[in-house]
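Protein chains: 2
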Amino acid sequence: MRILIDKESNEPFYIQIFEQIRRQILSGELLPGYRLPPERKFAQSLGVNRSTILNAYRELKAEGLVGSRVGAGTVVLSDIQGDSDPQNEAQEPIWNQIFSQYSNGFDSFFVKELLTLASRKDVISFATGIAAPESGPIEAFEGIEQELLEKKDFRALFHTPTEGFTTLREALCGLMRRRGVYCRYEDVILLSGSQQGIDIISRVILDPGDIVVVEEPSFFPAIQAFKATGARVIGVPIDDKGMKIDVLEQLLHRYRPKLIYTMPTYQNPSGVDMGLERRRRIIELANTYKVLIMEDDAYGELCYEGHQLPILKSMDNNGYVIYLSTFSKNVYAGLRLGWMVAHKRIIKRVAAAKQIIDLHSSSLSQWIIERFITNGGLEAHMIKVCREYKLKRDVMLDALSKYAPSDLIWNTPKGGYYIWCKLPQGVSASELVSKAAERKVVFVPGTSFFTSDQGDDHIRLNFTYAPVKDIKPGISRLCEAIKDLAQNKVSSEAYIDMEINPIV
Amino acid sequence: MRILIDKESNEPFYIQIFEQIRRQILSGELLPGYRLPPERKFAQSLGVNRSTILNAYRELKAEGLVGSRVGAGTVVLSDIQGDSDPQNEAQEPIWNQIFSQYSNGFDSFFVKELLTLASRKDVISFATGIAAPESGPIEAFEGIEQELLEKKDFRALFHTPTEGFTTLREALCGLMRRRGVYCRYEDVILLSGSQQGIDIISRVILDPGDIVVVEEPSFFPAIQAFKATGARVIGVPIDDKGMKIDVLEQLLHRYRPKLIYTMPTYQNPSGVDMGLERRRRIIELANTYKVLIMEDDAYGELCYEGHQLPILKSMDNNGYVIYLSTFSKNVYAGLRLGWMVAHKRIIKRVAAAKQIIDLHSSSLSQWIIERFITNGGLEAHMIKVCREYKLKRDVMLDALSKYAPSDLIWNTPKGGYYIWCKLPQGVSASELVSKAAERKVVFVPGTSFFTSDQGDDHIRLNFTYAPVKDIKPGISRLCEAIKDLAQNKVSSEAYIDMEINPIV
């Protein structure tokens, strides 16, 4: 129903509205059973008084064109022949028959609510896995307006090939060389964030019933993407050297999975760096068992100490490793830009899928990133951001040393975004979420990173997002919440004991 | 394999390279069987002479660390124990076992090659479905750099909710009101182009074996997205009033499809505007048969003459219509931004899927579009662009009247992007593609728009992309190609007759 009010006209507004609706009913544009918008909402959207709408509706009723019905408001009545019963027509789709198996399988989105809480100004957030606002390379945008408006660089605004700008793919080959991979642009595709790479690979590789091996803990949305295809997901536990390779080999032998998903470098959520011997072994196992590896390397360049170990892709030349990386963790997540490096047979399939998924990634984002790589901005930015994040990591580690209860255990990640903490015995991460929220500090509970019902004894702390000055008070409040809960735990356990004892 | 050359060092480059590779082999970073990069490529990527690489490889060979193998270049040899045979390890994945059913079902991408041809400067393109470069609202970018760099509007660069900025969703409700739909922001989700809406709805609604009804001809990538889920796609023919509703009703009755996909307004490829009576009927049928309608409205606001008929979504208040639209056809396709309006139950599922698909659409694109809507730029731009495209349409229609052979038939679309032509009897659209390419003019053959083996007697001409001055010569060349082919047809048929006669 389209209504236009002519504020210059002498005709009163209610007459204008009445006549337009009348015409639409008589012409059949408005069907019997159509509910007119509620008066208040309609008045707001047209910028008129509510009484104007009431008057227009009154006129329509007087002509027998509309009627009021309980629970449905003002409804267009049947035409003169009375051949259709509006009551019957006013029914919604049968919702429980509408949705696909795929969509019925979605898990709940606990993390989403956490992030809403995290965006409140008075809350200190160790929850989000995003870059620091003040560390963003805002200089990447310098000069873009001139280039767009004066030089009319329309390239940034039109379609790109599905795989992305060829010049950007070549620039990414340059980036990959510094990561030890010698590839050509045909081996590279741009993605709308690396999450898209996980989703497309799931669709292009996995059939229902296929098996995917993941680290446990692992990145939750990846697990969801695998499960959504109908695949089975099996976890391999990690220790301080990464995925336990002996367990992996047993699983490969027994289940013959189709894909191994791993974040070998500064893993999310654990921050663990997979050891060199395990990196060798996992490549050997891929060759032996002919299984693909998806290497998710969102954090690898954020190295704060020690020697950067070779990425898996740099150790593979038979095409088993599908490499994913992103500009979300070092430039801006809002640009939604990541990339994949893989055997060109895989790139070809991924491109065919991407063509019906979103055609191509934002040309504007691609253009901005390409400028930033080729003018040397990214390289300079990485040095700066590593220095800043190392400082933040150290501030958080110091604060933990100072405030943590003696039975809180944490690791010292050599890079990336996260510190992984084991809570004192009896303290539940899920309960700690609300306790900490009361003290205005948020984090992600370990349960979000497991395929099974585990992780309630761990929490993930992000150290990159919060301003330096907030880290110490945030950790202090968090530790108070842990101590509170540990104490209550003891007393409530004692209470339960008292309750149970009499029965036994 | 990561190699860094220190150009300041006294050590010769080949020694630096030799020592780094040697260390990586001995430490196990480079596995037995690893192929070193080919000398020429490696030299290029390091910025050294090829002889430098040859010398480094020679030293490695002298130490027994690498060897040459026919077809594989220079390969890292097994370690001393000789416990692994590099020959066995140098194998690629078993490609025919790698890919999913979904990905094996992709059709070929003829259109993609056409678009590559269309991008050549000397070719006049009536093929692409994109906006005119000179008509783009470049003013949408005015002031963005200042807002980003000075006001530091980080909103544009960080994560948004999966559904998009709430303020933009509200601005879209304003846009929808002018299209006759009174919705709230909860009914709206931003998409990375409307193609993403088609893909997500396919995944969220369709199970293998479900049936989707489409217009025939229809938008090819939509058909592909439906088929990729394992759904069956059935076509309903169209005439000058749109989808034949009596055929649709028979299909609804017999097959009980789950989804009807339609472009009622200025359809792609036919340019046809569905009549009001049929719009009424399709809504009634959706209610009667409880079937969802996906209304793809990419072109509806590009109206050049006559009265804009109500969009289906404006006639539906029971939640059967899923409405899709885009900024690709009126702003810039490279921003990859579209939106969906649907019942909030559907929006909720779509958002859950989008969260694992690409998390959210480009924040930067959303921010630019929101500015452009709220500062009134979009509304002004639409008036300008409709005037320009109407002119281009008329120039093309005039040129067709002037140059077309008498048996070429075309329609006069009241809006949108396309003129749909029926070729003279015996002229094949696929053959015309190469004939026209010789004369440096491209278009899309009708075969690209049918689910079955039809359409070779039609072509789609886009009139928005080519500059006005190119339209007349382009149509002239195209018509020459048609006439050529029509004549050759007759003579080559005559020739065949001659060949065949002696045998009979």
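Protein sequences, first through last, are from chains Y and C. 92 is the number that this note's numbering gives to position 92 of the first sequence; each next residue is one higher, with no gaps. Take any residue in the second sequence, note its place counting from 1, add 504, and you have its number in this note's numbering. All C-beta atoms, glycine included, are put in the ideal place defined by N, C-alpha and C.
- Which residues mark the beginning and the end of the alpha helix (DSSP H) in which serine 202 (chain Y) is found? The residue labelled residue 202 (chain Y) in the question sits at position 202 within the first sequence. Residues 194-205.
- Query: Any beta-carbon of chain Y closer than 9 Å to the one on arginine 849 (chain C)?
  - Reply: As a first step, residue 849 (chain C) must be located in the second sequence, where it is residue number 345. Yes, because at least one Cβ of chain Y sits closer than 9 Å to the Cβ of arginine 849 (chain C).
- lysine 511 (chain C) (DSSP reduced to helix, strand or coil): Your numbering for residue 511 (chain C) matches position 7 in the second sequence. Three-state result, lysine 511 (chain C): coil.
- Item | Three CB pairs or more closer than 8 Å across the segment 326-342 of chain Y and the segment 286-305 of chain Y | yes
- Item | methionine 382 (chain Y) at chain A interface by Cβ criterion, 9 Å | The structure shown has no chain A; the protein chains it does contain are Y and C.
- Task: For the segment 314-348 of chain Y, enumerate the residues whose C-beta is nearer than 9 Å to any C-beta of chain C, in chain order.
- Result: Ser314, Met315, Asp316, Asn317, Asn318, Gly319, Tyr320, Ser328, Val331, Tyr332, Ala333, Gly334, Leu335, Arg336, Leu337, His343, Arg345, Ile346
- alanine 732 (chain C) vs serine 706 (chain C) beta-carbon contact at 9 Å: Against the second sequence, residue 732 (chain C) aligns to sequence position 228. Against the second sequence, residue 706 (chain C) aligns to sequence position 202. Yes.
- Mapping DSSP to helix, strand and coil, what is methionine 243 (chain Y)? Within the first sequence, numbered from 1, the residue matching residue 243 (chain Y) stands at position 243. Looking at methionine 243 (chain Y) - three-state DSSP - the assignment turns out to be strand.
- Query: Closest to proline 405 (chain Y) by CA distance: which of Y:Asn317, Y:Leu26, Y:Leu485 is it?
  - Reply: Your numbering for residue 405 (chain Y) matches position 405 in the first sequence. Here the closest residue by C-alpha is Y:Leu485.
- Message: Strictly below 7 Å CB to CB, what residues from chain C border serine 100 (chain Y)?
- Response: Indexing the first sequence from 1 puts residue 100 (chain Y) at position 100. By Cβ distance, chain C contributes Arg707, Val708, Ile709, Leu710, Asp711.
- Give a yes or no on whether 9 Å exceeds the smallest Cβ distance from threonine 632 (chain C) to chain Y. In the second sequence, residue 632 (chain C) corresponds to position 128, counting from 1. With 9 Å as the cut-off, threonine 632 (chain C) counts as an interface residue toward chain Y.
- Item | Rounded C-alpha distance that separates glycine 881 (chain C) from lysine 656 (chain C) | Indexing the second sequence from 1 puts residue 881 (chain C) at position 377. Indexing the second sequence from 1 puts residue 656 (chain C) at position 152. Cα to Cα, the separation comes out at about 22 Å.
- Same chain, Cβ closer than 7 Å to tyrosine 907 (chain C), neighbours up to 5 away in sequence not counted: In the second sequence, counting from the first residue as 1, residue 907 (chain C) sits at position 403. Contacts found: Ile979, Ser980, Cys983.
- Task: Give the C-beta separation of glycine 838 (chain C) and serine 362 (chain Y) to the nearest angstrom, bearing in mind that I take them to be a contact with Cβ-Cβ under 8 Å.
- Result: Taking the second sequence and counting its residues from 1, the one referred to as residue 838 (chain C) is at position 334. Taking the first sequence and counting its residues from 1, the one referred to as residue 362 (chain Y) is at position 362. Indeed they touch by this definition, with Cβ atoms about 7 Å apart.
- Query: Should threonine 556 (chain C) be labelled buried (16 or more other beta-carbon atoms within 10 Å of its own) or exposed?
  - Reply: Locating residue 556 (chain C) in the second sequence gives position 52, counting from the first residue. Label assigned to threonine 556 (chain C): buried.
- Query: If you scan the segment 720-768 of chain C from start to end, which runs of the beta strand (DSSP E) of 3 or more residues do you find wholly inside it?
  - Reply: 736-743, 763-766
- With a cut-off of 8 Å, do at least 3 Cβ pairs link the segment 436-454 of chain Y to the segment 346-366 of chain Y? no
- Task: Determine contact between the segment 769-777 of chain C and the segment 741-752 of chain C, defined as no fewer than three beta-carbon pairs at a distance below 8 Å.
- Result: yes
- Message: Once DSSP output is grouped into helix, strand and coil, what is the label at arginine 460 (chain Y)?
- Response: Within the first sequence, the letter at position 460 stands for residue 460 (chain Y). Correct three-state label for arginine 460 (chain Y): strand.
- Query: Hey, tyrosine 538 (chain C) and valine 579 (chain C) are a contact pair by Cβ (cut 8 Å); roughly how many whole angstroms apart?
  - Reply: Position 34 of the second sequence, counted from the first residue, corresponds to residue 538 (chain C). Position 75 of the second sequence, counted from the first residue, corresponds to residue 579 (chain C). Yes, tyrosine 538 (chain C) and valine 579 (chain C) are in contact; Cβ-Cβ is about 7 Å, under 8 Å.
- Write down the C-beta distance between valine 213 (chain Y) and valine 236 (chain Y) rounded to the nearest angstrom, noting that I regard them as a contact closer than 8 Å. Taking the first sequence and counting its residues from 1, one reaches residue 213 (chain Y) at position 213. Taking the first sequence and counting its residues from 1, one reaches residue 236 (chain Y) at position 236. The Cβ separation is near 6 Å, so the contact holds.
- So glutamate 667 (chain C) packs on arginine 659 (chain C), CB below 8 Å; how close in whole Å? Taking the first residue of the second sequence as 1, we reach residue 667 (chain C) at position 163. Taking the first residue of the second sequence as 1, we reach residue 659 (chain C) at position 155. Incorrect: roughly 15 Å between the Cβ atoms, too far for contact.
- Task: Would you kindly work out how many angstroms separate the C-alpha atoms of threonine 262 (chain Y) and glutamate 215 (chain Y), rounded to a whole number?
- Result: Here residue 262 (chain Y) corresponds to residue number 262 of the first sequence, with the count starting at 1. Here residue 215 (chain Y) corresponds to residue number 215 of the first sequence, with the count starting at 1. In a straight line, the C-alpha of threonine 262 (chain Y) is about 6 Å away from that of glutamate 215 (chain Y).
- Message: What residue range does the alpha helix (DSSP H) around methionine 819 (chain C) cover?
- Response: Within the second sequence, the letter at position 315 stands for residue 819 (chain C). Where methionine 819 (chain C) is concerned, the enclosing alpha helix (DSSP H) stretches over 816-819.
- Looking only at its own chain, which residues have a Cβ that is under 6 Å from the Cβ of aspartate 296 (chain Y), when we skip the five neighbours before and after it? Position 296 of the first sequence holds residue 296 (chain Y). Met263, Leu324.
- Message: Less than 9 Å between the C-beta atoms of glycine 684 (chain C) and proline 814 (chain C), yes or no?
- Response: Numbered from 1 along the second sequence, position 180 holds the residue referred to as residue 684 (chain C). Numbered from 1 along the second sequence, position 310 holds the residue referred to as residue 814 (chain C). Yes; because the gap between Cβ atoms is below 9 Å, this pair is in contact.
- Message: Excluding the 5 residues flanking threonine 664 (chain C) on each side, which residues of the same chain have their C-beta closer than 7 Å to its C-beta?
- Response: Against the second sequence, residue 664 (chain C) aligns to sequence position 160. Contacts found: His864, Ser867, Gln870.
- Message: I'd like the list of long-range same chain contacts for isoleucine 702 (chain C), defined as Cβ closer than 6 Å, with 5 residues on each side in sequence excluded.
- Response: Reading the second sequence from its first residue, position 198 is the one you call residue 702 (chain C). Once the five neighbours on either side are set aside, the close Cβ partners of isoleucine 702 (chain C) are Ala726, Ala729.
- Message: Would glycine 633 (chain C) and asparagine 915 (chain C) be called neighbours here (beta carbons separated by less than 9 Å)?
- Response: Here residue 633 (chain C) corresponds to residue number 129 of the second sequence, with the count starting at 1. Here residue 915 (chain C) corresponds to residue number 411 of the second sequence, with the count starting at 1. No.
- Residue burial classification, asparagine 10 (chain Y) (beta-carbon count within 10 angstroms, cutoff 16): Position 10 of the first sequence, counted from the start, is the residue given in the question as residue 10 (chain Y). Label assigned to asparagine 10 (chain Y): exposed.
- Beta carbon proximity, leucine 117 (chain Y) to chain C, threshold 9 Å: In the first sequence, the residue the question calls residue 117 (chain Y) occupies position 117. No, leucine 117 (chain Y) lies away from the interface with chain C (no Cβ there is under 9 Å from its Cβ).
- Taking only beta-carbon atoms, is aspartate 1023 (chain C) less than 9 Å away from chain Y? Outside the displayed span of chain C (505 to 1008) sits residue 1023 (chain C), for which this structure offers no information.
- What first and last residue would you give for the beta strand (DSSP E) that runs through threonine 830 (chain C)? Numbered from 1 along the second sequence, position 326 holds the residue referred to as residue 830 (chain C). 825-830 is the span of the beta strand (DSSP E), which, as asked, contains threonine 830 (chain C).
- Task: Scan the segment 924-935 of chain C for residues whose Cβ lies nearer than 7 Å to a Cβ of chain Y and list them as they occur along the chain.
- Result: none
- Query: Taking just the CA atoms, how far does threonine 167 (chain Y) sit from aspartate 957 (chain C)?
  - Reply: Against the second sequence, residue 957 (chain C) aligns to sequence position 453. Against the first sequence, residue 167 (chain Y) aligns to sequence position 167. The straight-line gap from Cα to Cα measures roughly 38 Å.
- Query: In chain C, which residues lie with their C-beta within 8 Å of the C-beta of aspartate 358 (chain Y)?
  - Reply: Locating residue 358 (chain Y) in the first sequence gives position 358, where the first residue counts as 1. The contacting residues are Ser696, Gly697, Gln699, Gln700, Asp703, Arg840, Asp862.
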